[in-house]
Each structure stands twice: as C-alpha cells, then as structure tokens.
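Worksheet for the structure shown next.
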Amino acid sequence: MILIISSQQADINSPVDNRFGRAQWFIKIDSDTKKWEALTNPGVNQRGGAGVAAAQIAANNKAEVVISGDFGPNASGALNAAGIRMMTFDQGISTVQDALDHFTQGKLTAFG
Amino acid sequence: MDKDQAIRIVVASGKGGTGKTTVATSLALSLAAQENVWFLDCDVEAPNGHLFLNPKIEAERKAVVLIPRIDMEKCILCGRCVEVCQYHALAEIGKSILVFPQLCHGCGSCTWNCSSKAIKEIRNPIGVLEAGLAKKGINFAHGVLTISEPMATPIIRQLKKWHKPEDGSVMILDAPPGASCSVVETLHGANFALLVTEPTPFGLHDLKQVIGILGDMKIPAGVIINRDGIGDNQVDEFLSQTEFPILMRIPYSTQIAGAIAAGNTLLDVSPEYIMEFQTLFQKIKNIIAENEPC
Chain A
-6 MILIISSQQA
4 DINSPVDNRF
14 GRAQWFIKID
24 SDTKKWEALT
34 NPGVNQRGGA
44 GVAAAQIAAN
54 NKAEVVISGD
64 FGPNASGALN
74 AAGIRMMTFD
84 QGISTVQDAL
94 DHFTQGKLTA
104 FG
Chain B
3 MDKDQAIRIV
13 VASGKGGTGK
23 TTVATSLALS
33 LAAQENVWFL
43 DCDVEAPNGH
53 LFLNPKIEAE
63 RKAVVLIPRI
73 DMEKCILCGR
83 CVEVCQYHAL
93 AEIGKSILVF
103 PQLCHGCGSC
113 TWNCSSKAIK
123 EIRNPIGVLE
133 AGLAKKGINF
143 AHGVLTISEP
153 MATPIIRQLK
163 KWHKPEDGSV
173 MILDAPPGAS
183 CSVVETLHGA
193 NFALLVTEPT
203 PFGLHDLKQV
213 IGILGDMKIP
223 AGVIINRDGI
233 GDNQVDEFLS
243 QTEFPILMRI
253 PYSTQIAGAI
263 AAGNTLLDVS
273 PEYIMEFQTL
283 FQKIKNIIAE
293 NEPC
C-alpha cells in the first residue's frame, strides 16, 4: 500500500509538516516493501489551490492513504473523490517514521 | 493624458481603517459642484461608500466568473486542462476531472487547450454590481462580493468595465485595504494614487507595501496623514526620504470619529474641508501633469 506523509524535510526521519497543501515535502512510502522516496511539493509557494495540487500528487502516485496535520476543504474534496483515506497526526508523533509506525499499529485518527 | 479622458484617482492605504472611504467620499462630495464626479467603490468585500453617498440604485448586474463544465462523454482524460490551470482549479481524479469553482479565475486556459472540445464555459455568479445617482449628482457604483466567495479581482475588473466614466469627468476609486491583487486591479489605469495612512508603525508598514506596487506600476502618488497627532513621526521621516509629498493632514479628533460613526461625512462635521479637498484636487492635477510623458 502506498502512503504519503507530509514532512518538513526530504527524509523519513525528519519532522512531520502539519500542513498538507503547503507541506515542504511529501514522503511516499510503500508499506509492503518499506521503500520510501521524497517528493517535492510545488504547491508550497503557490498563491492558491495548493490543496488541490497536493491531492493531485497523491492521486498521481496512487496513494491509498495520506497522513498530515489537517486537510483543507479543497484538498479533502479532491482526496475524497479519489477515494484516498485521510488520517491526522496524533499527539506524540514527531517524525514521519513515527507517523508510519502509528499508522501500522492502527493508532491514527481518520480525518473528518 | 488626453484632455478629454477622465481623471482616475485611486484612494488606497495598505492598512485597513486608515480613512480611505472618509477621504474618497469627502473628495467626491467636495468636487461635485464643479466637476462631473464618478465614484467607484472597489472594496467589494466590505463596500461602505454608499453609507456616506446614499446612492439610489437604478442598475444592477451579476458579476460572474466563467468556469469550465466538462463533458465526460467527450473528455479523453489527457490531463492537459489540469496541467495548464495556474490556479489548480482542476484535478484529474480517477476517470473524471474535478472542478473547484472557488479557485477558478475564469482565464479560459483549460477551454483553449482542450483537444477534444469537451469543455464548455458556464457563468458562475460571485456577486453583484450596482449603480445609481448619489448625493450631489455623483455617478456611483459598487461591487458586492457574495459572502464566502474568495475572489475579489474579477468583480473589480467587471465593475470598472461596466461603470466607465464619461470623458472629461473625475473618477474616484475607493480601493480595498491591503496590497494584493485586488488593489493592483483597482490601480490599473489610474492617473494618481492618493494614499491615506495613519502615523503608526502599522500605517507605515503597509504604506511601504503599497508604495512598492506603485513603483512597479509607475503611478504618481501623494499621501494624506489621517489621525495626525497619534502614534509617532516615522511616517513623516520615511516620506521625507521619498518623492511622495504629504498633501494633507487630518488631525485626530473624536468629534470627526463620532460623526463618521453616526453616518455623517467629514464635510458635515467640518465644512472647511471642502476648500481643502478642492485645493488637494488642484495639487493632484498638477502632479499628474508633471508626470505626463512629453
């Protein structure tokens, strides 16, 4: 399964970014192979529509789950339409790896 | 400037609540006896010029953005429309194209680039334009953006196109606060920008932002310091280092503030300002003339 987690830096051990559309980076993780890669977010400096652009990145990467601090109305609308599950960070999560671990342990909260 | 063309004066500020509308309406009313005055309230998110000019609204028109409607029978899911949309108002999700009307600027790029002619543009109403004669024969118009609609620029553009001043007239445009797209849209085509500020760090900070825009747009400007006497003298110090003249000072006065809060104009409480605003207009005309290309 492909997951995308918003991140402040291009590394799985970097702090998570609470923003989805304006996240500095997205860490794309294949939960089966444990392989990950960092995706740049062109939306970080865009004037508007960053949430939709980020949702498009998730859809293009065939993500099944996205994990972030929060999701705006446009982003959540697009992700919902794409059938991508949204989860939000819980307390105690500091890094992308933490978020992944919490998710695999079923500890994350579904958005909305 | 062609002598027959209207003179367009934009009243802007940067910081909100500095007295743009007080100045704009006072200038309009002071000139109404001697000039053919047109007034455009471009602060479409919170228009309030009508409270002081009391127009009788006689004409109304919807402000719209043309948004794409996609015929999925014809769409081949090439993704070109999503790619060309600078505002991310479109997303290709699964086997459909989603449209986000509130992000759409109505530029038409998606329609233009669609290879299978699957896009039709439909009118998405975002607000209303209203016009009518106001106090002292002022030709008044304003735009009212529907609450929850996020985009002011298209309605300002349509308002300016709809309510064009007659040749030889003076048009006063009350700009929105801030220093973003809606202010730039209001300033397009202006002959002069009248900047209203207050002598506080906030007033100065935002004044500098608007001055930055004016430099890029090459529009001459002058400053009115409102609520003079409060705050500090940093605005004066800053302006003394620039080419922007201080054209008027309106002292801080609870009497003026009270009158405006009660729906009266500055001129109602202090009629001596009529002469001051007429003199101000002469100064503005002189600055415009000096800035004309030879």
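Protein chains in written order, with our numbering: chain A, -6 to 105; chain B, 3 to 296. For every residue, glycine included, the Cβ atom is placed at its ideal position computed from N, Cα and C.
query = With a cut-off of 8 Å, does the C-beta of G96 of chain B fall near any C-beta of chain A?
reply = The sequence position of residue 96 of chain B within the second sequence is 94, counting from 1. With 8 Å as the cut-off, G96 of chain B counts as an interface residue toward chain A.
ask   = Could you give the residue range of the alpha helix (DSSP H) that holds R159 of chain B?
value = By one-based count along the second sequence, residue 159 of chain B stands at place 157. Note, R159 of chain B: alpha helix (DSSP H), 155 to 164.
Spatial neighbours of A92 of chain A in its chain, beta-carbon cut-off 8 Å, leaving aside the 5 residues before and after = By 1-based counting over the first sequence, the position of residue 92 of chain A is 99. For A92 of chain A, where only same-chain residues beyond five positions count, the Cβ hits under 8 Å are I(-2), V9, I60, F82, I86, L101.
ask   = According to DSSP, which residues form a beta bridge with V13 of chain B?
value = Your numbering for residue 13 of chain B matches position 11 in the second sequence. B:D176, B:L196.
inquiry  = Restricting to Cα atoms, I'd like to know which of B:E274, B:Q7, B:G19 is closest to D176 of chain B.
reply    = Locating residue 176 of chain B in the second sequence gives position 174, counting from the first residue. Checked all of B:E274, B:Q7, B:G19; the closest Cα to D176 of chain B is B:G19.
key: Proximal residues of chain B, C-beta to C-beta of Q17 of chain A below 8 Å   = One-based indexing of the first sequence puts residue 17 of chain A at position 24. Result: empty, since nearest Cβ-Cβ is about 18 Å, beyond 8 Å.
message = Quick check on the DSSP output: what are the complete beta strand (DSSP E) runs of length 3 or more inside the region 7 to 92 of chain B, in order along the chain?
response = Within the region 7 to 92 of chain B, the runs of beta strand (DSSP E) that reach at least 3 residues and sit entirely inside it are, in chain order, 9 to 14, 39 to 43, 58 to 72.
query = Looking at the unbroken beta strand (DSSP E) that takes in N126 of chain B, where does it start and where does it end?
reply = For the purposes of this step, residue 126 of chain B is taken as residue 124 along the second sequence, with counting starting at 1. Start and end: 121 to 135.
task = If I'm right that V86 of chain B touches C112 of chain B with Cβ under 8 Å, what's the distance once you round it to whole angstroms?
result = Within the second sequence, the letter at position 84 stands for residue 86 of chain B. Within the second sequence, the letter at position 110 stands for residue 112 of chain B. Under the criterion of beta carbons closer than 8 Å, V86 of chain B and C112 of chain B qualify as touching, at roughly 6 Å.
query = Which residue spans inside the region 200 to 283 of chain B form an unbroken alpha helix (DSSP H) run of at least 4?
reply = With a minimum length of 4 residues, the continuous alpha helix (DSSP H) runs that stay inside the region 200 to 283 of chain B are 203 to 219, 236 to 242, 256 to 263, 268 to 271.
ask   = Interface residues of chain B around N38 of chain A at Cβ under 7 Å?
value = Stepping through the first sequence from its first residue, residue 38 of chain A is reached at position 45. None at all; the shortest Cβ gap to chain B is about 13 Å.
key: Cβ-Cβ separation, V12 of chain B to T188 of chain B (assumed contact under 8 Å), whole Å   = Counted from its first residue, the second sequence places residue 188 of chain B at position 186. Counted from its first residue, the second sequence places residue 12 of chain B at position 10. The beta carbons of T188 of chain B and V12 of chain B sit about 6 Å from each other, so the pair counts as a contact at 8 Å.
key: Collapsed DSSP secondary structure at K27 of chain A in the structure displayed   = Translated into positions along the first sequence, residue 27 of chain A becomes position 34. Correct three-state label for K27 of chain A: coil.
query = What does DSSP give as the partner residues of E94 of chain B in its beta bridges?
reply = As a working mapping, residue 94 of chain B is identified with position 92 in the second sequence. Secondary-structure assignment with DSSP links E94 of chain B through a beta bridge to B:I99.
task = List the residues of chain A that V46 of chain B touches, going by C-beta distances under 7 Å, in chain order.
result = For the purposes of this step, residue 46 of chain B is taken as the residue at position 44 of the second sequence. Neighbours of V46 of chain B on chain A: none; closest Cβ ~18 Å, over 7 Å.
request  = Mind checking the region 148 to 182 of chain B against chain A and listing, in chain order, the residues whose C-beta falls within less than 7 Å of any C-beta there?
outcome  = Within the region 148 to 182 of chain B, no residue has a Cβ that lies closer than 7 Å to any Cβ of chain A.
query = Who are the Cβ neighbours of L135 of chain B in its own chain at under 8 Å, not counting the five residues just before and after it?
reply = One-based indexing of the second sequence puts residue 135 of chain B at position 133. Beyond the five residues adjoining it in sequence on each side, L135 of chain B comes within less than 8 Å, by CB distance, of P57, K58, E60, N141, F142 in the same chain, given in chain order.
inquiry  = I want to see whether chain B comes within less than 8 Å of G42 of chain A, judged by CB atoms only; does it?
reply    = Along the first sequence, one-based indexing puts residue 42 of chain A at 49. Closer than 8 Å: yes.
key: Run of the beta strand (DSSP E) containing G76 of chain A, from where it starts to where it stops   = Position 83 of the first sequence, counting from 1, holds the residue named residue 76 of chain A. Run containing G76 of chain A: none; DSSP gives neither H nor E here.
task = Helix, strand or coil for F104 of chain A, going by three-state DSSP, please let me know.
result = Here residue 104 of chain A refers to the residue found at position 111 when the first sequence is read from its first residue. Here F104 of chain A carries a coil assignment [DSSP, helix/strand/coil].
message = Contact criterion: CB-CB distance below 8 Å. Does A56 of chain A meet it with respect to chain B?
response = Here residue 56 of chain A corresponds to residue number 63 of the first sequence, with the count starting at 1. No, because no Cβ of chain B sits closer than 8 Å to the Cβ of A56 of chain A.
task = Could you pull the start and end residues of the alpha helix (DSSP H) that N53 of chain A belongs to?
result = The residue given as residue 53 of chain A occupies position 60 in the first sequence. Secondary structure note for N53 of chain A: its alpha helix (DSSP H) is the uninterrupted segment 43 to 53.
key: Within chain B, partners of A3 of chain A - CB distance below 8 Å   = The residue labelled residue 3 of chain A in the question sits at position 10 within the first sequence. For A3 of chain A, no chain B residue has a C-beta closer than 8 Å to its own C-beta; the minimum C-beta separation is roughly 23 Å.
Sheet register partners of F142 of chain B (DSSP bridge) = One-based indexing of the second sequence puts residue 142 of chain B at position 140. As a beta-bridge residue in DSSP terms, F142 of chain B pairs with B:F41, B:G134.
task = Consider the Cβ of V45 of chain A: report whether some Cβ of chain B lies at a distance smaller than 8 Å.
result = Sequence index remark: in the first sequence, residue 45 of chain A carries index 52 (1-based). Interface residue, yes.
Chain A within 8 Å of Y254 of chain B, Cβ atoms only = Here residue 254 of chain B refers to the residue found at position 252 of the second sequence. No - not a single Cβ of chain A is within 8 Å of the one on Y254 of chain B.
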